[in-house]
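Below is one structure, written out as C-alpha cells, with a few remarks after it.
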Amino acid sequence: MPLISGNWKMNHHHFEAIQFIQKLAYLLQKQDFDEVEVSVHPPFTDLRSLQTLIDADQLRFKLGAQNCHSDDKGAFTGEISPVFLAKLGVQYVIVGHSERREMFGETDDFVAQKVASVLKHGMFPILCVGETLAEHESGLTLDKVRRQVRAGLDKRSSDQVKSMVIAYEPIWAIGTGKNASPDQAQEVAAAIREEVATLISRPAAEAIRIQYGGSVKAGTIADIMRLPDVDGVLVGGASLDPTEFARIVQYRHHSG
Ligand code: 13P
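The opening position of the sequence shown corresponds to residue -19 in our numbering, with each subsequent residue numbered one higher.
Encoded structure:
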C-alpha cells in the first residue's frame, strides 16, 4: 500500500498538533485509509498527546517520529531513545533526513546504527537519501544515493529490509518549490531498487517502499504517484496544513 508521510519538522506544538489531527480525521474518509497508509511525524513533544488522541478516537493514522538516537539509554543529553518511541506507539521513524545529515553532522555510519536500532525495537525506518544541488549538477546523484543506500542497509537481513521505507529527497528540492522531474525521480527510485536487489535480495527490492520527497503538493502528487518505482511521498511544508495534506492523501480523486 502507498505510504504518505507528513514530516512536520520543527512546527506545531502539541495543542496545534491535536487540532491538526482532529481536522485531518474529519477531512479523510474510511476509503482513504483503506487505500493509502498515512503517517504523521510531529515533534517529539507532541507524540504523547497524539498517541492518546489516536487511541481514544481509534484513528487510523500511523504515528511517526522524525529522528531518534541509536542507543537504548545512557548519557546522551537531549537525545531520544528508540525504546521511548516504541512505548508511545510510534511505528515509523525518519532516519538520516538531509537536515540531520547536513546541519547536525549525522554520518552514514550513525544513520546505519539508527536503522538497526529502530528495527530492533519493532518500528520501521524511513531512511532518507538524496543529493545536494552541487552533486546534482555534477552528475553525482546516483553515486551519492547508492552509497547512502548501501551504508544504511549494511548488515540488514532481507526480512528487515522488506519492512523498510527509503525516501529519495533531492536536497535542492526540499522547501524550494522545485521538484525533480518525473523522469529524474523515476530514474533514481529505480536505481535505489536495483541497489537493494544487488545488496540484499530481489524479494527485498520488490517489497521495500520508496518514497519521493521535496516540495510535494496536492497539485504535483498525482504525477509522482504514477511512477512505477515510487510507492509514496514524504511531505514537509504541504503537510502542515490539514486541508492541503488531505488533498495530497486523496490524490487518486483529483488531478491537482
Ligand atoms: P518539503 O515538502 O517542505 O520540500 O520538505 C520535504 C522534506 O524534507 C520532507 O522530509
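From the three backbone atoms N, C-alpha and C, an ideal C-beta is built for every residue, glycine too.
Thinking C-alpha only, which one of the options is nearest residue i?
{"i": "A131", "options": "V176, D221, G(-14)", "result": "V176"}
{"i": "I204", "options": "L120, N(-13), Q166", "result": "Q166"}
{"i": "K94", "options": "D51, F84, V70, A184", "result": "D51"}
{"i": "I46", "options": "D37, E59, A55", "result": "Looking at the sequence provided, one finds Gln at residue 46 rather than Ile. Considering only alpha carbons, the answer is E59."}
{"i": "D26", "options": "K135, L8, G69, T178", "result": "G69"}
{"i": "K142", "options": "D35, K3, N159, R173", "result": "R173"}
{"i": "G102", "options": "A114, V73, E86", "result": "V73"}
{"i": "C108", "options": "F64, I154, T200, E117", "result": "I154"}
{"i": "G199", "options": "G157, A5, D209", "result": "G157"}
{"i": "I147", "options": "I188, S161, H(-7)", "result": "It is worth fixing the name first, because residue 147 is Ala in this sequence and not Ile. Nearest option by C-alpha distance: I188."}
{"i": "L(-17)", "options": "H(-8), A96, I106", "result": "I106"}
{"i": "I151", "options": "V213, H77, L8, N(-13)", "result": "H77"}
{"i": "K42", "options": "R206, N(-13), R227", "result": "N(-13)"}
{"i": "D221", "options": "T121, R206, A202, K197", "result": "K197"}
{"i": "S97", "options": "E149, N(-9), V75, E115", "result": "V75"}
{"i": "G44", "options": "E86, F90, E186, A(-3)", "result": "A(-3)"}
{"i": "D209", "options": "K10, Q71, E115, Q164", "result": "Q164"}
Is the Cβ of residue i closer than 8 Å to any Cβ of chain C?
{"i": "A187", "result": "Of the chains in the structure shown, none is chain C; there is only one protein chain."}
Hey, how far is the Cα of residue i from the Cα of residue j?
{"i": "Q191", "j": "T57", "result": "32 Å"}
{"i": "G110", "j": "G194", "result": "10 Å"}
{"i": "V215", "j": "S(-15)", "result": "6 Å"}
{"i": "A170", "j": "S138", "result": "18 Å"}
{"i": "K124", "j": "D12", "result": "35 Å"}
{"i": "A184", "j": "V18", "result": "22 Å"}
{"i": "E224", "j": "R232", "result": "14 Å"}
{"i": "D88", "j": "Q128", "result": "7 Å"}
{"i": "I180", "j": "F(-5)", "result": "43 Å"}
{"i": "E82", "j": "T112", "result": "10 Å"}
{"i": "P62", "j": "L99", "result": "9 Å"}
{"i": "A66", "j": "P23", "result": "15 Å"}
{"i": "D14", "j": "K135", "result": "34 Å"}
{"i": "V168", "j": "H49", "result": "28 Å"}
{"i": "R40", "j": "R80", "result": "28 Å"}
{"i": "I1", "j": "L30", "result": "8 Å"}
{"i": "Y6", "j": "D35", "result": "16 Å"}
{"i": "R28", "j": "F84", "result": "25 Å"}
{"i": "L133", "j": "M144", "result": "10 Å"}
{"i": "G54", "j": "F104", "result": "23 Å"}
{"i": "P162", "j": "S118", "result": "20 Å"}
{"i": "L33", "j": "N159", "result": "34 Å"}
{"i": "R206", "j": "Q230", "result": "14 Å"}
{"i": "L4", "j": "A226", "result": "6 Å"}
{"i": "D37", "j": "H21", "result": "18 Å"}
{"i": "A92", "j": "Q140", "result": "13 Å"}
{"i": "T178", "j": "L122", "result": "15 Å"}
{"i": "V(-19)", "j": "R126", "result": "Sequence check: residue -19 is Met here, not Val. Roughly 24 Å between the two C-alpha positions."}
{"i": "H(-7)", "j": "Q(-1)", "result": "10 Å"}
{"i": "A202", "j": "Q71", "result": "26 Å"}
{"i": "A114", "j": "K10", "result": "43 Å"}
Which residues does DSSP list as the beta-bridge partners of residue i?
{"i": "L107", "result": "V75, I146"}
{"i": "E17", "result": "L(-17)"}
{"i": "Q193", "result": "Per the sequence shown, residue 193 should be read as Gly rather than Gln. DSSP, once it has assigned bridges, lists L214 as partnering G193."}
Cβ of residue i versus every heavy atom of the ligand PLP: is any distance shorter than 7 Å?
{"i": "T112", "result": "Absent from the structure shown: the ligand PLP. Ligands present: the ligand 13P."}
Please specify which runs of the alpha helix (DSSP H), each continuous and at least 4 residues long, are wholly inside the segment 28 to 96, giving them in chain order. Here the runs fully enclosed are 62 to 67, 78 to 84.
Anything with a beta carbon under 6 Å from a heavy atom of the ligand 13P counts; list them all in chain order. In chain order, the qualifying residues are N(-13), H77, E149, I154, G155, G193, G194, S195, V196, L214, V215, G216, G217, A218.
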